[in-house]
Amino acid sequence: MSIQSILLPMFVQVLLTFILLFWMIGLRLQALRRGQVRAEAIALRESKWPPRVIQIGNAFHNQLEVPVLFYVVMLLALTTQTLDLFVLVLAWMFVISRIVHAVIHVTSNSLQHRTPVFLIGAIAVLLIWIIVIGRLIVFTSL
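Using the working numbering, you'd call the opening residue of the sequence shown number 896 and step up by one each time.
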């Protein structure tokens, strides 16, 4: 398995994060320029932003939560050589679930649709952690 194939899901997740970041920044600047919000009103929190700006901001902030566990476990698996095809499939499952979750978040924002997709991704990362920890414990105890 090549390093590129291992790193590609992480790169796609990073790309999703930056897309949402710059979308959020663009909407925030637009809201400020249009006078929809005053800089003083939003300097400490985002509650004064227009709803669409908050929606995209929340989608961005979601990329800084569970994905952190994904980055850490993938780098751990890479450096300890505990990666295999199954872990790679789980990694892609996670990234695809994050993309779908983000699309739902920035469109309908339906919790009924978002929650199961979120759980699929969270379970995928949990399984990767279980596999990597299991392999590390087995390898180090031999």
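Note that CB positions come from ideal geometry on N, CA and C, so glycine has one too.
Item, Value
"Let's test the definition: count the other Cβ atoms within 10 Å of the Cβ of Met-919 and tell me whether it reaches 16, buried, or not, exposed.", "buried"
"Is the beta carbon of His-1000 sitting closer than 9 Å to the one on Ala-926?", "no"
"Given that a residue counts as buried once 16 or more other Cβ atoms are within 10 Å of its Cβ, and exposed if not, what is Leu-978?", "buried"
"Mark Ala-936 as exposed unless 16 or more other C-beta atoms lie within 10 angstroms of its C-beta, in which case mark it buried.", "exposed"
"What's the C-alpha gap between Ile-1023 and Val-982?", "6 Å"
"Could you check what DSSP says for Arg-1009 in three-state terms: helix, strand or coil?", "helix"
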